[in-house]
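Residue numbers (the working numbering), protein chains in the order written: chain A, 3 to 321; chain B, 157 to 463. Quick reminder that beta carbons are idealized off the backbone N, C-alpha and C, glycines included. Since the structure is predicted, the reported quantities are computational estimates derived from the model, not experimental observations.
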């Protein structure tokens, strides 16, 4: 029988970041926040209010924000920068590359409104390449938590993690189903459901979609192993390979381009160590557009039925 | 590296006080500084010649600045380099391509052995073409090379000093061509908005960049008016005159702590000290051949011994 994932409310992952940051602020005086004119959107306002001396409004100037954060680490501070994922990565790639990753600075790049689920603002703001951009950088840790509780836990875990990190979360309210008392372990995959027919590896908002898909598939007699790969780099190779040795086929699911995302990381691992049929649920080399999050996920093929279809297809290939 | 860390604000303050007591400036006389400058210039042309690569022009032009900073002004500890720089004055080089002058000065100040200058830009060296923390060279706290980032870094570091109640200062150096980068002006606004008054930035105003004079490539306009309007206290000096440079940095220090960041517009001549390299962009990024090296060295007395 498949495990149940009850939840009492839907919450946005960005609020999990805001709550985690506030808790860290109370715990460690070296934690500082920087934001580029999106304090409310990033839910950093509570931190700003309680710790005005440790919060730096940067205005609409993201490049300066990233390099200033790198400078703050020199004096022992642990800066958490906040802006939309698009402006946290593509816009400031060179600053992150030189002043953060290459210089090995303890900057936590916290990025909201990632992917299609940003919604109505459209493709200019819906970055679907950020995981790829960040995971290519040596020294960079890349984390994509799946719900409010996990985003809060991941934020808190970053305080003890020394080194550059990218934390990606989103705008819409989604089921908050993970256990709030579970500590977050960076780089350790989370087994959500044991199964034998197929391994589904998902991250971010697609974890819930994958849960829904597993329920549908179970009714059809297909037993799915579901693993939440909340840390894309470093990848939990051991957990992935163990699962795939058992199921012998793979579906990946993410709110990102196929190129450079979670599926790409897993395909690379499997190609090297355990060649296995794999289907990827991801955006296929396309920009997004304006619309409601649910409409966009459906149109761009990253919804629950797409996960179901991918599992059915990969099971055919396994035969 | 120190074993003490900045794990809490109370210990940070204790650490600041303890380190400030032990760290002081060397404050050499102008005659001594000139001697060091001559040796640094020899090092620059020899390093660049040694690997047939690098940027002698800006390095030679900024020699007085580096020598004055490290041997007259900075309160720093070359023997016990700490990445956090607590209790020390900090320097960030934003125009990282003039690494030869910085490496030479760091070596003479005692950060690492002078003989290591011979490895500049060669395989397996800590002296990378552009400065980096990645190879663990003492004295470097941030990679630079991709232009425009160092002023933001210096701002962040200066804010950390304020949070740590560390009264030491942060210095940064930028090329004049570099300030064509938009990020410089983001940092200029940020520094002023956050009243970062423990920062002294300097622009190497030599009027030259890779493709030619700045006036032709991308005119900089009225720099004094620009920085003043961005909310900075602006000073100006001839950066190739050590006496004038020392008095302007002394003046700049008097301007700190008054609610505004401080800018020194430093007029220099690119390639200063080697007659055939001076005043032109042509020696921005090329190395002298054997004959040119000898011609350059003949103009630069060996004062402290070649590496």
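The CB of residue 301/B comes closer than 8 Å to the CB of 100 in chain A, given here in chain order. In the three-state scheme derived from DSSP, where H, G and I count as helix and E and B as strand, residue 350/B is classed as coil. Judged by DSSP secondary structure, residue 216/A falls within the alpha helix (DSSP H) whose first and last residues are 208 to 221.
Taking a Cβ-Cβ threshold of 8 Å, the residues of chain A close to residue 320/B are 77 and 78, in chain order. Spanning the alpha carbons of residue 96/A and residue 143/A requires a straight line of approximately 17 Å.
As for any beta strand (DSSP E) of minimum length 3 sitting wholly inside the stretch 220 to 290 of chain B, the runs are 246 to 249, ordered along the chain. Using a 10 angstroms sphere on the CB of residue 331/B, the tally of other CB atoms reaches 16 or more, which defines it as buried.
Here residue 75/A has 81, 107, 108 and 109 as same chain residues with Cβ atoms under 8 Å from its own Cβ, once five neighbours each way along the sequence are excluded. The closest CA to that of residue 364/B, considering only 190/B, 187/B and 434/B, is found on 434/B. Here residue 57/A carries a strand assignment [DSSP, helix/strand/coil]. Any Cβ of chain A closer than 8 Å to the Cβ of residue 418/B would place that residue at the interface, and such an atom is absent. In this structure, DSSP gives residue 401/B a helical state, which the three-state scheme calls helix.
Taking the CA atoms as reference points, residue 36/A sits about 45 Å from residue 198/A. Membership of residue 229/A in the beta strand (DSSP E) is indicated by the continuous run 226 to 230.
Across the structure, residue 263/B and residue 463/B are spaced so that their CA atoms are roughly 10 Å apart. The distance from the Cβ of residue 376/B to that of residue 251/B is about 14 Å, inconsistent with a contact at the 8 Å cut-off. Between the stretch 173 to 181 of chain A and the stretch 139 to 156 of chain A there are three or more inter-stretch CB-CB distances shorter than 8 Å, so the stretches are counted as touching.
Residues are counted here when their Cβ sits less than 7 Å from a Cβ of chain B; for the stretch 138 to 153 of chain A the count is zero.
Only residues of its own chain outside the window of five on either side were considered, and among them 266 have a CB closer than 7 Å to the CB of residue 235/B, listed in chain order. Beta-bridge pairing by DSSP links residue 114/A to 86/A. Against chain B, the beta carbon of residue 105/A has neighbours under 7 Å at 289, 298 and 299, listed in chain order. Three or more beta-carbon pairs drawn from the stretch 308 to 318 of chain A and the stretch 204 to 223 of chain A are found closer than 8 Å, and the two stretches are therefore classed as touching. Counting along the chain, the unbroken beta strand (DSSP E) around residue 195/A starts and ends at 192 to 195. Taking 8 Å as the cut-off, the beta carbon of residue 206/B is found closer than this to the beta carbon of residue 276/B. DSSP places residue 168/A outside any alpha helix (DSSP H); the residue lies instead in the beta strand (DSSP E), whose first and last residues are 167 to 170. Bounds of any alpha helix (DSSP H) do not take in residue 292/A, whose DSSP letter is neither H nor E.
Taking CB atoms only, residue 113/A has no neighbour in chain B less than 8 Å away.
C-alpha of residue 381/B to C-alpha of residue 288/B: approximately 33 Å in a straight line. Residue 315/B reaches chain A at 34, 58, 70, 73, 74, 77 and 79, counting residues in chain order whose Cβ is nearer than 9 Å. The beta carbon of residue 404/B is closer than 7 Å to those of 391, 393 and 420 in its chain, skipping five residues each way along the sequence. In this structure, residue 343/B lies near residue 66/A, with their beta-carbon atoms less than 8 Å apart.
Per DSSP, residue 132/A is one residue of the alpha helix (DSSP H) stretching across 132 to 137. Non-local C-beta neighbours of residue 159/A in its own chain, meaning closer than 8 Å and more than five positions away in sequence, comprise 185, 186, 187 and 188, ordered along the chain. For residue 361/B, the enclosing beta strand (DSSP E) stretches over residues 355 to 361. In the three-state DSSP reduction, residue 151/A falls in the helix class (H, G or I). DSSP places residue 182/B outside any beta strand (DSSP E), giving it a letter other than H or E.
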